[in-house]
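This report refers to the structure that appears directly beneath it.
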Ligand code: 3HC
């Protein structure tokens, strides 16, 4: 018989724990928020108050409702106050030893029928469950940051979770206004497994100098249509958490793309943890450190003659002409633009003035990746950026590498999703739902694959593999087979 869950304990009131406490209280449940040290307890209280005040100031919550929500939360420094909770969820730092010690205490303190849940980002729920005398009643309940906003909860069951508990916890998630996706206990579950690989790869591209922080953020936000760029999102998640999740993913996958990028280690060691410490990849305290605006004012182009080559050249040429540029030939133009989704240096070396060639790749409706080869003159690259702004596009500068920025980050993520599905871990619908609701993506990876086209993604992955030699960039066998069999929709197969 399903338990009545009316009182919930939340242990750990950092960003996630405080958000989770708010979510439960908003749904009408009584919440006991626990932090063992007094300072952290006050910070946790502050989080909940600020978040609900913000909802009031945005007109999303009446003051009386806020007071009711806050009235449902008690804050305490003692785990003993959880002795009568129906469910306790843990949201303490991602250190297995801390989690084990906490669950041993909770097992002793809580009623025998209390469900013990962990909000771990990636650690083994099975290993946590094994420290208790009730492993069948231990489950993962994984929320997403900001918890009051993101609509997904991953419900993680283990091989010893008692029958029916995942459904009960799924029903509880629905009561909170969330959508549950139930999965087994693998490192990173669905979302972090796909997301952190992508975020870590973005950090690697930054370290390799393929593009700047702001160009990568703008490319993924404005070009790929994601709600945030990877560095803004890493700062939101916290670089320490991101580092830990990558580390756990690497321990399980032994895949180099999960090995935390050295820049993550450096920033974490320096105490630059992202939003929570005021600075990470971005400076969240000083306006000067904020992302460069994508839409800088468009001045007059300083270029006189432009030659555009490649598919779609006519259309771009016409736009440039109406913006005041003169159309020329490759040998006599100030600038040669090669429209291409693959590296362009081979076109440059065939020209009399290779320093005048810039690659251009249109990503999404608004962004143009402006590609400089090893030979491109910086003045020419700048001139093309100005031209691009004049025709209403947002330029993103990058080096002449396979996939440039957007495809280099998007395709391996899509490939990982195909591998995850093909391993039998989760259905395509669950993976799509998880990425849409957990990360606010406009579409799930399988919807995106179908929209881009399977052959384009397969070929893009082959090029990425050839360039970077990362084994996981090689097209997933399922993707390869579908393209060979001329199947056009992975979801419709
Ligand atoms: N707390 C509470 N509410 C918040 C909030 C916060 N920290 N930040 C934003 N909001 C609310 C706002 O109040 C607003 O609500 P309203 O529409 O009811 O007024 C809504 O979110 C939208 O906020 P904004 O208009 O200020 O900002 P954006 O439109 O830019 O949205 C965002 C902000 C919701 C954070 C959006 O950028 C987004 O979806 N980003 C992706 C976040 C993501 O991927 N999260 C998952 C990370 S992975 C994870 O958490 C797992 C972990 O294990 C690592």
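In the numbering used here, the protein residues as written are 2 to 494.
Glycine residues also receive a C-beta, built at the ideal position from the N, C-alpha and C atoms.
- Listed by position in the chain, the residues whose beta carbon lies within less than 5 Å of some heavy atom of ligand 1 are 52, 59, 61, 122, 145, 146, 147, 149, 150, 228, 229, 238, 440, 441.
- Bounds of the alpha helix (DSSP H) holding residue 413 are 407-423.
- Shown here for residue 336: same chain residues with a beta carbon closer than 7 Å to its own, the five before and five after excluded, namely 304, 307, 357, 359, 381, 384, 385 in chain order.
- Cβ-Cβ distances below 7 Å link residue 445 to 432, 433, 434, 436, 437 in the same chain, with the five nearest sequence neighbours on each side left out; the list follows chain order.
- By the Cβ rule, the segment 212-229 does not count as touching the segment 148-155, because fewer than three pairs are nearer than 8 Å.
- Annotation: the segment 206-244 contains the following complete segments of the alpha helix (DSSP H) (minimum length 4 residues), in chain order: 214-219, 231-238.
- Secondary structure remark: continuous beta strand (DSSP E) runs of at least 3 residues inside the segment 303-351, in chain order: 306-310, 336-340.
- Residue 118 places its beta carbon 7 Å or farther from that of residue 93.
- Of the residues 312, 319, 330, the one whose Cα lies closest to the Cα of residue 340 is 312.
- Nearest C-alpha to residue 218 among 282, 177, 190, 174: 282.
- Taking one beta carbon from each stretch, the segment 37-55 and the segment 177-186 have fewer than 3 pairs nearer than 8 Å; the two do not touch.
- Counting C-beta pairs with one atom in each stretch, the segment 21-39 and the segment 108-117 have fewer than three that are closer than 8 Å, which means they do not touch.
- Cβ atoms of residue 258 and residue 198 come within 8 Å of each other, at about 5 Å.
- Taking 3 residues as the minimum length, the beta strand (DSSP E) runs contained wholly in the segment 154-190 are 180-184, in order along the chain.
- For residue 269, the enclosing alpha helix (DSSP H) stretches over residues 263-270.
- Residue range 88-91 is occupied by the beta strand (DSSP E) that includes residue 89.
- A distance below 7 Å between beta-carbons, with the five flanking residues on each side excluded, links residue 222 to the following residues of its chain, in chain order: 229, 230.
- The alpha helix (DSSP H) runs lying completely inside the segment 112-161 and spanning 4 residues or more are 126-130, given in chain order.
- In the structure shown, residue 355 adopts helical secondary structure according to DSSP, grouped into three states.
- Apart from the 5 residues on each side of it in sequence, residue 465 sits with its Cβ closer than 8 Å to the Cβ of 403, 404, 408, 409, 412, 413, 471, 474 in its chain, given in chain order.
- In the three-state reduction of the DSSP assignment, residue 361 falls in the strand class, which pools E and B.
- If you draw a straight line from the Cα of residue 287 to the Cα of residue 367, it is about 28 Å long.
- Going by C-alpha positions, residue 492 is about 11 Å away from residue 419.
- Annotation for residue 352: 331, 337, 358 place their beta carbon closer than 7 Å to its own, counting only its chain and skipping 5 residues before and after.
- When DSSP assignments are scanned along the segment 55-95, the uninterrupted stretches of alpha helix (DSSP H) that are 4 or more residues long and fall wholly within it turn out to be 64-72.
- Under the three-state reduction of DSSP, residue 276 is assigned to helix.
- The straight-line gap separating the alpha-carbon atoms of residue 78 and residue 10 is approximately 12 Å.
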